[in-house]
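Residue numbers (the working numbering): 169 to 259. Written out below as structure tokens is the structure these notes cover.
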């Protein structure tokens, strides 16, 4: 799906159409949304302790895109976790 969306978006650039850049932008946007949803599934994000502690305005069952990206980067680690460097560089 992701490769097809990317190549399809690239193919729209070669069209002789005034909206080709719009089609390309929409395709890339949807590709990014698909990748974010794959790397940060909603169910996994809302199970994290750091997600539960954040204030919500209305919907308490759906993670925002930024929270899904944070989950993809942090892999569900809690906010208070101290990360100890594995390698100690000599100066």
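Built from N, CA and C at the ideal position, the CB exists for glycine as well.
Cutting at 8 Å between CB atoms, please list the residues of its own chain near residue i, excluding the five before and the five after it.
i: residue 240; result: 204, 207 and 208
i: residue 232; result: none
For residue i, which residues of its own chain have a beta-carbon under 7 Å away from its beta-carbon, when the five flanking residues on both sides are left out?
i: residue 174; result: 199
Among the options, which has the Cα closest to the Cα of residue i?
i: residue 192; options: 236, 181 and 219; result: 181
i: residue 176; options: 195, 185 and 187; result: 195
What three-state label does DSSP hand residue i in the structure shown?
i: residue 183; result: coil
Could you give the residue range of the alpha helix (DSSP H) that holds residue i?
i: residue 237; result: 233-242
Report the start-end ranges of each alpha helix (DSSP H) in the segment 186-230 that is 4 residues or longer and not cut off at the edges. Considered as a whole, the segment 186-230 harbours 188-207, 210-214 and 217-220 as its complete alpha helix (DSSP H) runs of no fewer than 4 residues, in chain order.
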